[in-house]
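For reference, the structure discussed in these notes is given below.
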Amino acid sequence: MARSRTCAAAWTASRVRVLEELDVLGDEALQVRIFRLSLLLLVATLLLALGAGLASGADGGALATLGWWGSLAAGSLVALPVHELVHGAAFKLLCRPCEVSFGAQGPFLYTRTNDACATRPRMVAVLLAPSVVVTSALVAAALAAGAPALAVLLAGVHLSGCASDMLMAADALRAPDCTHVRDTDVGIDLLSDKELL
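Going by our numbering, the sequence shown opens with residue 805, and the numbers climb by one from there.
Now the structure itself:
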């Protein structure tokens, strides 16, 4: 299996250690953390949207229209595949060479690689890219339409769906010995090529 150039020397020397395996599908404690962060983001979103709605006069009265609610639904749904496409582009850009594919399991869409491995900063960028790119695009579109409450709701709904990406990135950044991160079928592995003392 081909490994990314950023990990090639470490793999060849067989000095890579797995520090932690983050399994978003099977680790119940991690799933609870994801749920809590997602819920916190949704509650914060509702409070901010209420403030934005009050400040903007319910988006100039648009909040009471079917088009406004349709925009909220459409923006939230379109963000899902776009989110995965951004992950795919980030993998191709930052974890070369890697093969990217997409899939769905139940209601979830996902981006899959061939165990792509990259330095910690690069993989953190891959994990967080949709949170930044897609959320910014949703906010910009809603603000261009003069709908700040819609902008807040679209951003918050999308970010609440990014909770697993955010937590995996945070865990990678919190692990002091982590030098590389490998994408897996169920999450990520935190790796180190540092010599044991």
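Cβ atoms here follow ideal geometry from the backbone N, Cα and C, with glycine treated the same way.
Within the same chain, and ignoring the five residues on either side of Val990 in sequence, the residues whose Cβ sits closer than 7 Å to its Cβ are Asp827, Val828, Leu829, Gly830. Between the C-alpha atoms of Val930 and Thr923 there is a straight-line separation of about 11 Å. Counted as a single uninterrupted DSSP element, the stretch harbouring Asp987 is not any alpha helix (DSSP H) but the beta strand (DSSP E) occupying residues 984-987. Shown here for Ala856: same chain residues with a beta carbon closer than 6 Å to its own, the five before and five after excluded, namely Pro952, Ala953, Val956 in chain order.
Per DSSP, Glu903 is not a residue of any alpha helix (DSSP H), being assigned neither H nor E. Assignment of Asp863 by DSSP, reduced to helix, strand and coil, places it in the helix class. At the C-beta level, Ala976 and Val928 come within 8 Å of one another. Secondary-structure assignment with DSSP links Glu825 through a beta bridge to Asp993. Contact between the region 956-971 and the region 903-918 is absent, with fewer than three C-beta pairs closer than 8 Å. Secondary structure note for Ala945: its alpha helix (DSSP H) is the uninterrupted segment 924-948. DSSP lists Phe912 as the beta-bridge partner residues of Gln909.
Excluding the 5 residues flanking it on each side, Gly892 has same chain C-beta neighbours closer than 8 Å at Val904, Phe906, Thr915, in chain order. Closest by C-alpha distance to Leu844, out of Asp993, Ile992, His887, Gly965, is Gly965.
Annotation: Ala894 to Arg986 spans about 14 Å, alpha carbon to alpha carbon. Distance from the CA atom of Met970 to the CA atom of Leu932, rounded to whole angstroms, is 7 Å. For Asp919, there is no enclosing alpha helix (DSSP H), as DSSP marks it with neither H nor E. Take the alpha-carbon of Glu825 and the one of Ile992: they are about 6 Å apart.
Spanning the alpha carbons of Lys998 and Val822 requires a straight line of approximately 11 Å. Leu852 and Val820 have their alpha carbons spaced roughly 44 Å apart.
Only residues of its own chain outside the window of five on either side were considered, and among them Leu971 have a CB closer than 7 Å to the CB of Arg837, listed in chain order.
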